[in-house]
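**Student:** The sequence shown begins at 84 in our numbering and counts up one residue at a time. My structure is below; once you've seen it, I'll send some questions.
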Amino acid sequence: MTNYSPLLADARALLIQAKHVAAFIGAGLSAESGISTFRGAQADALWSRFDPAALASREGFFANPEHVIEWYNWRRQTLAKASPNPGHVALGKQKRLIQITQNVDNLLERAGVPGQHIYHLHGTITKDRCDAFCGYERTLDLEHPPSLGKCPQCGHFLRPAVVWFGEGLPLDTWKKAESLCARIDCLLVIGTSASVYPASGLIHTARNSGARIIIVNTQPSDVSDMASVELTGPSGEILPELLEGLDICSFRNG
Ligand code: OAD
């Protein structure tokens, strides 16, 4: 065991006692895979280098669609070269745990988390979809993503299948996540600043329903005061120890 030991033992006890657990995940989980976070102390944090209004809003897209697609394609190529880190791998072994993620990468899938157990609240950069919601979408070759294109079905722009600022979350996924967070006894919150809503409202939903909150983060976050246990350090180091030998579950019967 490492220097996290005393708090790790407390967190493991909470996970073992809990009947229903979920994970709520943010960009910090993928940081050790070389995927930049958005905020926080990291020098490469995206929103300290780029303007979210220009790159992550529909208005920004229509102002300069080529530029927006180039930026997403740069992120896609970074993702193509990245691999799941030990944090993803530890989560990948939890085959019965629902993992609610704000991340638009595919590293949980690649670490072995069953697709139906990953709730992508903010969509995915692995696909494009029709901006006009005609139903067309395409899965991309992340190494060689296409430049700006039009929908072959209806002629509107194709855009990354992510949720931008000012847009609603995918309704079915959101409803499932909300109802789960109202029922669990324990929420494992990993690598998120918990500053973006409505996603982070799920932590409040869980807490208000009586769930214990375990936080894994390299620094304090907006929800530190809600934590029963706060484990401070990189998720790639903490999660393998925290989850070692456990089979935590979101939908245990009885
Ligand atoms: P943020 O970038 O806001 O926060 C990342 C968090 O991860 C910070 O609290 C860091 O301290 C922490 N962190 C960094 N490295 C870590 C590590 N190795 N281990 C553990 N924690 C680490 O990311 P999110 O909270 O995910 O929206 O941001 C929420 C949303 O804001 C994103 O989904 C994105 C962005 O705008 C969309 O893409 C729609």
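C-beta atoms are modelled at their ideal positions from N, C-alpha and C, and glycine is treated no differently. From a predicted model like this one, the values you see are computed outputs, not experimental measurements.
Return the first residue and the last residue of the beta strand (DSSP E) that V299 is part of.
**Tutor:** Mapped onto the sequence shown, residue 299 falls at position 216. Taken as a continuous stretch (DSSP letters only), the beta strand (DSSP E) holding V299 covers R295 to N300.
**Student:** Checking the sheet assignment: what are the DSSP bridge partners for E220?
**Tutor:** Mapped onto the sequence shown, residue 220 falls at position 137. Answer by DSSP bridge pairing, in chain order: R212.
**Student:** Buried or exposed: where does L98 fall if 16 or more other Cβ atoms within 10 Å of its Cβ makes it buried?
**Tutor:** Residue mapping note: residue 98 aligns to position 15 of the sequence shown, counting from 1. When all chains shown are included, L98 counts as buried.
**Student:** Tell me where the alpha helix (DSSP H) around I331 begins and ends.
**Tutor:** In the sequence shown, residue 331 corresponds to position 248, counting from 1. First-last for I331: undefined, no H or E at that position.
**Student:** Under the rule that 16 or more other beta-carbon atoms within 10 Å means buried, what is D305, buried or exposed?
**Tutor:** Position 222 of the sequence shown, counted from the first residue, corresponds to residue 305. Exposed: under 16 other Cβ atoms inside 10 Å.
**Student:** For L190 versus S262, is the C-beta distance shorter than 8 angstroms?
**Tutor:** Against the sequence shown, residue 190 aligns to sequence position 107. Against the sequence shown, residue 262 aligns to sequence position 179. Cβ distance not < 8 angstroms, so L190 and S262 don't count as in contact.
**Student:** When you compare only the Cα positions, how much space is there between H171 and Y219?
**Tutor:** On the sequence shown, position 88 is the one that residue 171 refers to. On the sequence shown, position 136 is the one that residue 219 refers to. Computed Cα separation, rounded: 30 angstroms.
**Student:** Given a threshold of 16 other Cβ atoms within 10 Å of its Cβ, counted over all protein chains shown, does A136 qualify as buried or as exposed?
**Tutor:** Position 53 of the sequence shown, counted from the first residue, corresponds to residue 136. The residue in question, A136, is exposed, as its Cβ has fewer than 16 Cβ neighbours within 10 Å.
**Student:** Curious, which full-length alpha helix (DSSP H) runs of at least 4 residues does the stretch 158 to 193 contain?
**Tutor:** 169 to 175 and 190 to 193
**Student:** Taking only the alpha-carbon atoms, compute the straight-line gap between A106 and A163 and give it to the nearest angstrom.
**Tutor:** Indexing the sequence shown from 1 puts residue 106 at position 23. Indexing the sequence shown from 1 puts residue 163 at position 80. Distance between the alpha carbons of A106 and A163 is about 25 angstroms.
**Student:** Below 8 angstroms, how does it come out for the stretch 230 to 242 and the stretch 202 to 219: are there three or more Cβ pairs, yes or no?
**Tutor:** yes
**Student:** K233: which of T120, I331 and E149 sits nearest, CA to CA?
**Tutor:** For the purposes of this step, residue 233 is taken as residue 150 along the sequence shown, with counting starting at 1. Taking only the C-alpha atoms, the option nearest K233 is E149.
**Student:** Got a sec? Which residues, its chain only, sit under 6 angstroms from T161 by beta carbon, not counting five neighbours each side?
**Tutor:** Sequence index remark: in the sequence shown, residue 161 carries index 78 (1-based). Same-chain partners within the cutoff: there are none.
**Student:** In or out: Y280 buried (at least 16 other Cβ within 10 Å) or exposed?
**Tutor:** As a first step, residue 280 is located in the sequence shown; it is residue number 197 there, counting from the start. Result: exposed.
**Student:** Cβ-heavy atom distance between N300 and the ligand OAD below 7 angstroms?
**Tutor:** For this step, residue 300 is matched to residue 217 along the sequence shown. The answer is yes for N300.
**Student:** Grouping DSSP H, G and I as helix and E and B as strand, with all else coil, what is T207?
**Tutor:** Translated into the one-based positions of the sequence shown, residue 207 becomes position 124. Three-state DSSP puts T207 in a strand.
**Student:** Shorter than 7 angstroms, the distance from the beta carbon of P317 to the closest heavy atom of the ligand OAD, or not?
**Tutor:** For this step, residue 317 is matched to residue 234 along the sequence shown. Yes, the beta carbon of P317 sits closer than 7 angstroms to at least one heavy atom of the ligand OAD.
**Student:** In its own chain, which residues sit with a C-beta less than 7 angstroms from the C-beta of A265, not counting the 5 before and 5 after it?
**Tutor:** Residue mapping note: residue 265 aligns to position 182 of the sequence shown, counting from 1. The residues are T288 and S292.
**Student:** Does the Cβ of D255 have 16 or more other Cβ atoms within 10 Å, making it buried, or fewer, making it exposed?
**Tutor:** As a first step, residue 255 is located in the sequence shown; it is residue number 172 there, counting from the start. Label assigned to D255: exposed.
**Student:** With 16 as the cutoff for other CB atoms within 10 Å, does N147 come out buried or exposed?
**Tutor:** One-based indexing of the sequence shown puts residue 147 at position 64. Exposed.
**Student:** Leaving out five residues on either side along the sequence, give the residues of the same chain with a beta carbon under 7 angstroms from the beta carbon of D93.
**Tutor:** Here residue 93 corresponds to residue number 10 of the sequence shown, with the count starting at 1. Correct list, in chain order: V312.
**Student:** Give me whichever residues DSSP pairs with F240 in a beta bridge.
**Tutor:** Taking the first residue of the sequence shown as 1, we reach residue 240 at position 157. Its beta-bridge partners are K233.
**Student:** Could you tell me the boundaries of the beta strand (DSSP E) in which E313 lies?
**Tutor:** In the sequence shown, residue 313 corresponds to position 230, counting from 1. V312 to T315 is the span of the beta strand (DSSP E), which, as asked, contains E313.
**Student:** Whole-angstrom Cβ separation of Y202 and A260, contact assumed at under 8 angstroms?
**Tutor:** Taking the first residue of the sequence shown as position 1, residue 202 is located at position 119. Taking the first residue of the sequence shown as position 1, residue 260 is located at position 177. So it is a contact: roughly 5 angstroms between Cβ atoms.
**Student:** Name the DSSP beta bridge partners of A106, please?
**Tutor:** Here residue 106 is taken as the residue at index 23 of the sequence shown, counted from 1. Beta-bridge pairing links A106 to Q182 and L271.
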